[in-house]
Amino acid sequence: MDSSVANPSVWDTQKVYKHHEQQNVAQTRAKYREGRRQRAVKVYTINLESRFLLVQGVPAIGVMAELVQLFALYGVVEEYRALDEYPAEQFTEVYLFQFQKLTSARIAKRRTDEKSFFGGQLHVCYAPEYETVEETRQKLQDRRRYVNRASQNTAKQYYQQPEVSTESSSTDTQASAAPEIQKDFASARRENVKSDYLCFPEQPLAPTEDVSYRLPNFTQPFQLQWSTKTTLPTEDKMGSLHNSIPPVPETSKQSASSSSSSVKERDLSKRQESLSRPVRFMPRITHLESRKRKLEETVFFLNETETLIGPKLPELPKVDMEDHSLNVTANLIRQTMTKVTSVPEVKPVQVKTTTPKPRRRI
Amino acid sequence: MARKNQFSVSDRFEFLQGLVTEFQDTDSDESKEQVLANLANFAYDASNVESLRMLQVTDLFLDMLTEENDNFVEFGIGGLCNLSMERESRDQILQNGGVPLVISCLSSNRDETVLSAITTLMNLTTAASRAETTDSAVVQCMLRFSLTQNPRLRNLASVFLQDYCTREQVDRAREGIQGQSQSVVGIPLPKD
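Just so you know, the protein sequences line up as chains A and B, in that order. Residues 1 to 362 (the UniProt record's numbering) make up the first sequence, in order. Residues 1 to 192 (the UniProt record's numbering) make up the second sequence, in order.
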């Protein structure tokens, strides 16, 4: 112990202090103040907390890397080492961890104390005796700053209307008193020190912290995708793209019926409509009707403005049935057939696109 | 933060009120210790400080400092250490004459009690109360603490001497220790 006085290094002392020992949990708590976990009757103050954690009960089977990984989940570990001289139970090791922030150490302690680790049960406690004077000072200052910021917030919650005036007057007197103390006691060095602890949020979940940093970067492209997706064929309620035809024939129509400007304009306006319109369910019959209507429109346009180039499709051969009544029937059938087939015959390309999945008849 | 908002302000107040009531009503020392530790730990959370002050828990803690039971003293000064971080509670402790009671805790046998007392004294030091909190007897006591083997006590006493006392005060205390005018503050009574 003399060495620790002569050389005040942080990593020297190996004494077992009372606050390292595990105390017995209280078994006799009243129901209404029973916590989720049974705990000893103990009061935590800022003096007892520290960025240094002492980890006892680590099985001596060479799992230091795993232990460090476990504790790194809760925050930045500045330093760690095995305390070989520390009195440990047989076949176990004792480690010392120094976190960058007090909050990380607090969460790490809460999450790892009394948890099993490679067959052993960890006992994790704060080890403030490894702090330097400067670290102790910083710890107290950060705590004081945090409490006063937090209590001002809660005070606002408490008295929203009437007592604001008294609040402000009392803080005024404090504010006038505070700078004096600062002048008197704060050394210049103290002011220059950068705060490592900064703040004491109650429960910042260390593992998710990293994710939340990255998330904005991830969500940005996602959102972009969603907005562009509205122009793409949208899935129906059953999750298939089968019924999402409207945009497809338009594009094919554009390429097939190669560009009259009016058609283009109409297509554009239609596409804008479909862009702005939210996806909505349309029954299949409506789809078919609208498809048919569109086809008729295009046929009309073709007949009006365009001249057909190339050979005409062969007409149905007229066969004499050698019987009047049979001929009448045949003519009827032919008329209906021409009526039915007239549309696909004129535009065979569209027949392909409108029936992308021909149903097999059984 | 999410867990903090689980209970509304009024629920929290009622729960703390229940604790205070049990503390006053019960005859069992064990229950008293448990409730006192509960209250002292609740004082750590800044969002409870307002409620605790309204429930006069500051006085409850101060009353504990003169108890025979060492646990009561340790938990009481621990609660004061937590409470005094906040300015209004600090003022309340000062108004209720807390400084001499806190100074008496410096002579405790228990490390935690002494450490809490030092931190509380730091928190209680204002321009007005400075003469009282950095009394020459206290400064002498801190000087002795700053030379002990216990690193926590040594560190905390060093911070007190460096940040809350003037150089003249420390020099005078050092002379006092070497000379005749020694104070007994911070020296525990022998156990019987």
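By construction, the Cβ of each residue, glycine as well, lies at the ideal position given by its N, Cα and C atoms.
Identity of the residues DSSP links to residue i by a beta bridge
i, result
"A/Ser116", "A/Gln121"
"A/Thr92", "A/Pro59"
"A/Gln98", "A/Phe52, A/Glu79"
"A/Tyr126", "A/Leu53"
Short CB-CB distance (under 9 Å) between residue i and chain A
i, result
"B/Ser158", "yes"
"B/Phe72", "no"
"B/Arg87", "yes"
"B/Gln162", "yes"
"B/Glu33", "yes"
"B/Ser104", "no"
"B/Glu68", "no"
"B/Phe75", "yes"
"B/Ala37", "yes"
"B/Cys141", "no"
"B/Leu115", "yes"
"B/Ser107", "no"
"B/Ser47", "yes"
"B/Glu112", "yes"
"B/Pro188", "no"
"B/Arg154", "yes"
"B/Ala40", "yes"
"B/Val184", "no"
"B/Gly176", "no"
"B/Glu168", "no"
"B/Leu19", "yes"
Contact under 9 Å by Cβ, residue i with residue j
i, j, result
"B/Val159", "A/Thr136", "yes"
"A/Lys101", "A/Val68", "no"
"B/Val20", "B/Leu60", "yes"
"A/Leu70", "A/Tyr126", "no"
"B/Glu22", "A/Ala26", "no"
"A/Val43", "B/Asn82", "yes"
"A/Ile46", "A/Arg106", "no"
"B/Gly98", "B/Leu80", "yes"
"B/Val184", "B/Ala137", "yes"
"B/Gln178", "B/Val139", "no"
"B/Leu52", "B/Leu65", "no"
"B/Asp111", "A/Lys18", "yes"
"A/Glu131", "A/Arg51", "yes"
"B/Arg90", "B/Leu124", "yes"
"A/Ala56", "A/Glu89", "Strictly speaking, residue 56 of chain A in this sequence is Gln, with Ala absent from that position. Yes. Within cutoff."
"A/Glu66", "A/Phe118", "yes"
"A/Ser151", "B/Ala46", "yes"
"A/Val63", "B/Glu86", "no"
"B/Ala173", "B/Met122", "no"
"B/Pro100", "B/Glu132", "yes"
Close beta carbons around residue i, own chain, < 7 Å, minus the five adjacent residues each side
i, result
"B/Ser146", "Arg154, Ala157, Ser158, Leu161"
"B/Thr113", "Val73, Glu74, Ile77, Cys105"
"B/Ala37", "Phe75"
"B/Thr120", "Ile77, Leu80, Cys81, Ser84, Val102"
"B/Gly176", "Ser136, Gln140, Gln182"
Cβ of residue i within 9 Å of any chain B Cβ
i, result
"A/Pro87", "no"
"A/Ile107", "no"
"A/Ser4", "Since pLDDT at A/Ser4 reaches only 39, below the 50 mark, its modelled position is unreliable, and the value read off the structure follows with that caveat. Closer than 9 Å to some Cβ of chain B, the Cβ of A/Ser4 qualifies, so yes."
"A/Asp172", "With a pLDDT of 42 at A/Asp172, under the threshold of 50, the predicted position of this residue should be treated as unreliable, though the coordinate-derived value follows. Not an interface residue."
"A/Thr92", "no"
"A/Leu48", "yes"
"A/Gln161", "Because A/Gln161 carries a pLDDT of 41, less than 50, the predicted location of this residue cannot be relied on, and the following value inherits that uncertainty. Closer than 9 Å: no."
"A/Thr208", "Because A/Thr208 sits at a pLDDT of 40, beneath the cut-off of 50, its placement in the model cannot be relied upon, and the point is left open."
"A/Thr65", "Rather than Thr, the amino acid found at residue 65 of chain A in this sequence is Ala. It does not; no Cβ of chain B falls within 9 Å."
"A/Ser169", "Summary for A/Ser169: the model assigns pLDDT 41, below 50, so the residue's position carries little reliability, and this model does not support an answer."
"A/Val43", "yes"
"A/Lys101", "no"
Same chain only: Cβ atoms within 6 Å of residue i, ignoring 5 sequence neighbours per side
i, result
"B/Ser129", "Leu94"
"A/Lys194", "Residue placement at A/Lys194 is poorly supported in this model, since its pLDDT is 41, which falls under 50; the coordinates are not used for a value here."
"B/Glu14", "none"
"A/Tyr74", "Ser104, Ile107, Ala108, Ala206"
"A/Pro128", "Ser50"
Contacting residues, own chain, Cβ-Cβ under 8 Å from residue i (five flanking each side not counted)
i, result
"A/Asp320", "Asn327"
"B/Asn96", "Thr58, Asp59, Leu62"
"A/Lys109", "Leu53, Val124, Cys125, Tyr126"
"B/Pro188", "Ser107, Ser108, Asn109"
Minimum Cβ-Cβ distance from residue i to chain C less than 9 Å
i, result
"A/Glu131", "Absent from the structure: chain C. Protein chains present are A and B."
Enumerate, from N- to C-terminal direction, the unbroken alpha helix (DSSP H) stretches of 4 or more residues contained entirely within the segment 41-72 of chain B.
46-54, 57-64
Every unbroken alpha helix (DSSP H) inside the segment 111-190 of chain B [4 residues or more]:
111-124, 130-133, 136-145, 151-164, 167-178
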